[in-house]
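*Asks:* Please read through the structure below; I'll follow up with questions.
Residue numbers (my numbering): 1 to 114.
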C-alpha cells in the first residue's frame, strides 16, 4: 500500500502561483511514476503532469510552460509548481502513484478567481 497526502491548495487570483506537495509513504519502492491529476465539476479526471522514477516528466498541453513537476526523493515528496494560473485551472487536484497498483491522495482544492 502507498499513502499519499496532498497539501498546498487554496484560492489565488488569476495570474498567481501555487505550489502543491504530495508526501508519499508506505510501499513506495513499487512506485514507477507519480503524477498530478485534476478534476473540475462535471468533467473527467485528467492528467496534468507526471514524473517517472528516473525523472522523466510529461505535461498536459494546457499547462506546458506554466506548471512544473519535481520530486525530492529524500523526502518522498512530489511537487507541482503552478504559475500564471487561469480560471480554467480551478479543480480538485489529486496526487497519484503508479506501479502495480494505482494509488490516490485525498485531493486538494485549487480555486482561481478572475
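The C-beta atom is built at its ideal place from N, Cα and C for all residues, glycine as well.
Source: prediction; values computed, not measured.
With burial defined as no fewer than 16 other Cβ atoms inside 10 Å of the residue's Cβ, what is the status of residue 11: buried or exposed?
*Replies:* exposed
*Asks:* Do residue 93 and residue 45 come within 8 Å of each other at the CB atom, strictly closer than that value?
*Replies:* Result no, Cβ atoms of residue 45 and residue 93 do not sit closer than 8 Å.
*Asks:* Is the distance from the Cβ of residue 95 to the Cβ of residue 112 below 8 Å?
*Replies:* Pairing residue 95 with residue 112 gives a Cβ-Cβ distance that is not under 8 Å.
*Asks:* Could you tell me if the beta carbon of residue 61 falls within a distance shorter than 7 Å of some heavy atom in the ligand SAM?
*Replies:* Only the bare structure without any ligand can be found here, which leaves the ligand SAM out of the picture.
*Asks:* Round the Cβ separation of residue 35 and residue 49 to the nearest angstrom and send it over; I've been treating them as touching at under 8 Å.
*Replies:* 6 Å
*Asks:* Considering residue 7, what are the terminal residues of the beta strand (DSSP E) in which it resides?
*Replies:* 2 to 7
*Asks:* Do residue 98 and residue 23 count as a contact pair if the criterion is CB distance below 8 Å?
*Replies:* No. Outside cutoff.
*Asks:* Go ahead and label residue 61 buried or exposed: buried means 16 or more other beta carbons lie within 10 angstroms of its beta carbon, across all protein chains shown.
*Replies:* exposed
*Asks:* Compare the Cα-Cα distances from residue 19 to each of 76, 114, 68 and 74 and report the closest residue.
*Replies:* 68
*Asks:* Measuring alpha carbon to alpha carbon, tell me which of 47, 88 and 4 ends up nearest residue 14.
*Replies:* 88
*Asks:* Helix, strand or coil: which one does DSSP assign to residue 40?
*Replies:* coil
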